[in-house]
Amino acid sequence: MAVELKPGARFRSAVGETEVVVIKAPAGAVDLRCGGHPVVPIGDEPPTGLTAESGFDEGSQIGKRYVDGADELELLCSKGGTASLSIGAELLVLKDAKPLPSSD
Amino acid sequence: MHVGMLLQMAADGMGERIAIGPVADGTTMAELASRARRAGTLLADMSGERVAMVDLNSEAVPIALFGAALAGKPFVPINYRLSDEQLRDLVVRTAPATVIIGEGVAERLGPIPGIELVDRKEFLVRVSDPSVEEADPYAGDPDSVAVLLYTSGTTGAPKAAVLRNRNLTAYVISTVEFAGAGEDEAAIVSVPPYHIAGISSVLSSTYSGRRVVHVETFEPRVWVDLVRAEGVTHAMVVPTMLNRILDVVAEDDGGLPTLRSLSYGGGPMPLAVIERAMALLPGVGFVNAYGLTETASTIALLGPDDHREAHASDAPDVRARLASVGRPLPTVEVEVRGVDGTVLGAGARGEIWVRGEQVAGEYEGLGSAPDDGWFNTRDEGHIDGGGFLFVHGRLDDVIVRGGENLSPGEIELVLLEHPSVEAAAVVGIPDADWGEKVVAAVVPVPGADVDEDELRAFVRAALRSTRTPERIDVREDLPFNETGKLLRRVLREELADRFG
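Chain order of the listed sequences is S and D. For the first sequence, the working numbering assigns the number 12 to the initial residue and increments by one for each residue that follows. For the second sequence, the working numbering assigns the number 381 to the initial residue and increments by one for each residue that follows.
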């Protein structure tokens with residue numbers, strides 16, 4: 012089940028604690044999943060009884076940014092969990108951001 | 381995004397780290413979040429539509445900043461150093477508001493309709509009461525106004541710059557790695573809460589997990605002692621602070637052994653000062669940060685490696701970069717444009733324009749930046765062939781002498797090269813023949829004598845004669861505001877009286 016993603020929108024995993032906020036999104040619906048199952052908009056009741064599918068159970072880390080291969084989607088993980096983020100079967104990867112020197 | 385989420389992430393991911401105060405008994409990140417969320421509940425229940433603050437630096441600053449955001453009300457830190465009348469005028473503009481105040485402020489303000497005063501100490505007691513409900517950290521609207529900052533108004537009446545939650549969070553997410561600070565790191569905050577650097581330091585420190593040590597109000601000896609006692613690793617200073625800090629360090633020869641990173645910004649830094657700092661503090665990485673209130677802090681950086689490379693280089697164009705503000709952040713676009721709006725190429729001087737999600741460019745009651753997102757900083761600058769940005773000063777400060785545009789900054793930097801000059805400022809004053817004429821005010825190095833004619837000859841040798849000040853006022857100090865911004869309007873009036 013694909014969802015429209017807008018910057019600032021928040022979603023949670025149906026199989027664990029993972030929560031994300033959208034930083035950047037492509038136009039149109041995206042089949043965003045966590046643990047292999049469609050994510051749920053924050054505020055909606057998640058389905059029960061699901062577990063992470065094999066290959067989508069590496070986990071997601073709080074504070075990390077996740078991107079797709081096309082660099083069209085960027086998510087910030089606001090709560091970590093045991094399931095991995097993906098678009099369909101394509102796992103999202105950690106954004107490779109060069110740290111900037113602190114200026115504050 | 382909303383700043384409440386940044387705070388809650390810090391509490392979730394680094395709850396046991398010390399957020400504020402000494403390692404032994406500071407406030408943890410989890411406790412800071414709880415206090416801020418209680419403040420969110422308390423401030424939401426109060427009738428004020430804004431949360432203003434007239435106070436020195438303390439733990440109440442981050443609690444009020446985050447608490448106001450969670451209450452859905454703008455946080456408005458106000459300069460406590462203003463005259464009573466100016467302070468009162470600004471507080472009146474915030475009404476209806478809750479105003480958190482430090483000692484002696486109530487007496488200065490007197491009763492004001494629509495203003496409810498809350499003493500800082502009482503505020504801190506109330507937010508520490510566990511029976512107060514903690515506000516939902518995720519409920520905030522990203523589009524809501526997080527902070528209103530009165531710009532320093534060195535040329536006119538203060539305007540309130542509007543910073544929305546999405547501007548501030550865009551800056552933090554793109555520049556700071558979550559939990560990226562080592563557990564041993566500590567930042568000293570000596571810029572006042574009503575300065576954009578005071579706001580950004582709260583957010584960056586929280587998100588990076590860096591412990592914060594507050595200096596109530598800047599004094600160089602206190603600053604140096606605190607850096608040594610608290611094992612401070614990171615600091616941010618405005619230019620007027622740095623030389624005074626170096627004086628203390630040079631005098632007692634104690635160094636700043638724990639300090640790793642020193643960033644500076646908020647005004648032009650004389651080359652001689654940064655070179656002195658690099659020599660006195662060889663273990664420190666220096667960062668020059670350029671940003672404006674309206675851009676939610678830093679938009680360009682000259683990092684430690686850039687400093688070392690420029691300092692060590694024999695190539696004049698590379699060496700010159702020590703006076704640059706480095707390269708734009710990856711998430712920010714910068715263009716230098718001519719007065720007709722065309723984008724200028726490398727080396728050409730023009731107006732600095734900026735675009736990015738952190739750029740607000742909006743003033744209360746005056747509308748926002750154009751729809752295309754580009755904001756005119758009103759700073760004059762150029763970009764060199766390597767992409768390094770140089771800032772020459774405020775366009776509003778440009779002196780127009782006989783049709784020629786002169787940058788005060790360029791003349792000031794030459795004056796500062798002279799061994800007898802400690803501080804210098806150049807302004808234009810009305811002149812019957814030329815429209816404006818160039819005059820300067822200089823403060824001598826302690827014990828030095830400044831010879832006006834010799835100094836004028838020194839400038840003439842470096843620049844053209846049209847850029848040579850016709851008169852130079854030698855004086856004990858310059859009218860700076862407390863964040864190191866020269867009050868040019870004040871100086872212009874004083875020098876017009878003297879030399880006009």
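Cβ coordinates follow ideal geometry from the N, Cα and C atoms, glycine included. This one's a predicted model, so the numbers in the text were calculated from it and none came from an experiment.
- The continuous beta strand (DSSP E) containing K35 (chain S) extends over residues 30-35.
- Under the 8 Å criterion on CB atoms, P112 (chain S) is classed as interfacial with respect to chain D.
- Chain D places no beta carbon closer than 8 Å to that of D79 (chain S), leaving this residue out of the contacts.
- Distance check between A519 (chain D) and each of D:E689, D:G745, D:L386, D:P457 places D:L386 closest, using alpha-carbon atoms only.
- A680 (chain D) is positioned such that its CB atom lies no closer than 8 Å to that of R701 (chain D).
- Residues of the stretch 80-102 of chain S with a C-beta less than 8 Å from any C-beta of chain D: L87, S89, K90, G91, listed in chain order.
- Using a Cβ distance threshold of 8 Å, R76 (chain S) and L84 (chain S) do not count as a contacting pair.
- When C-beta distances to chain S are compared with 8 Å, the residues of the stretch 628-646 of chain D below that value are S641, S643, G645, in chain order.
- The CB of V32 (chain S) comes closer than 8 Å to the CB of M381, M385 in chain D, given here in chain order.
- Contact holds between the stretch 634-641 of chain D and the stretch 601-616 of chain D, because three or more Cβ pairs, one in each stretch, are under 8 Å apart.
- Between the C-alpha atoms of E784 (chain D) and L672 (chain D) there is a straight-line separation of about 27 Å.
- Sorting S:R44, S:D79, S:G47 by C-alpha distance to the C-alpha of P37 (chain S) places S:D79 at the top.
- At least one C-beta of chain D is nearer than 8 Å to the C-beta of G74 (chain S).
- Residue environment: K453 (chain D) is assigned as buried (16 or more neighbouring CB atoms within 10 Å of its CB, all protein chains considered).
- Of S:G27, S:S114, S:S113, the smallest CA-CA separation from P58 (chain S) is found for S:G27.
- Taking the CA atoms as reference points, K501 (chain D) sits about 31 Å from M381 (chain D).
- Boundaries of the alpha helix (DSSP H) around D627 (chain D): 619-632.
- The Cβ-Cβ distance between P849 (chain D) and V801 (chain D) does not fall below 8 Å.
- Distance from the CA of L497 (chain D) to the CA of D425 (chain D), rounded to the nearest whole angstrom, comes to 15 Å.
- Residue pairing of P708 (chain D) in beta bridges, as defined by DSSP: D:A680.
- Any Cβ of chain S closer than 8 Å to the Cβ of T586 (chain D) would place that residue at the interface, and such an atom is absent.
- The count of Cβ pairs closer than 8 Å, one atom from the stretch 707-717 of chain D and one from the stretch 734-741 of chain D, reaches three, so the stretches are in contact.
- The DSSP-derived three-state label of T638 (chain D) is coil.
- Shown here for V653 (chain D): same chain residues with a beta carbon closer than 8 Å to its own, the five before and five after excluded, namely P619, L622, N623, L626 in chain order.
- A distance below 8 Å between beta-carbons, with the five flanking residues on each side excluded, links V780 (chain D) to the following residues of its chain, in chain order: L786, G808, G815, E816.
- The bridge partners DSSP lists for K90 (chain S) are S:E30.
- Fewer than three Cβ pairs drawn from the stretch 685-703 of chain D and the stretch 754-763 of chain D lie within less than 8 Å of each other, which leaves the two stretches out of contact.
- Per DSSP, A449 (chain D) is not a residue of any beta strand (DSSP E); the alpha helix (DSSP H) it occupies stretches across 440-450.
- Contact annotation: in the stretch 672-700 of chain D, residues whose CB is within less than 8 Å of a CB in chain S are S677, T678, L681, G683, P684.
- Burial state of R844 (chain D) is exposed, judged by a 10 Å Cβ sphere holding fewer than 16 other Cβ atoms.
- Here D857 (chain D) is exposed. Its C-beta has fewer than 16 other C-beta atoms within 10 Å.
- Counting only the Cα atoms, A577 (chain D) lies some 37 Å from F879 (chain D).
- Between the alpha carbons of P859 (chain D) and V870 (chain D) lies a distance of about 7 Å.
- Inter-residue distance for L660 (chain D) and S580 (chain D) is about 28 Å (C-alpha atoms, whole angstroms).
- In the displayed model, A803 (chain D) falls within a strand according to three-state DSSP.
- Taking 9 Å as the cut-off between beta carbons, the residues of the stretch 13-25 of chain S near chain D are P18, G19, R21, in sequence order.
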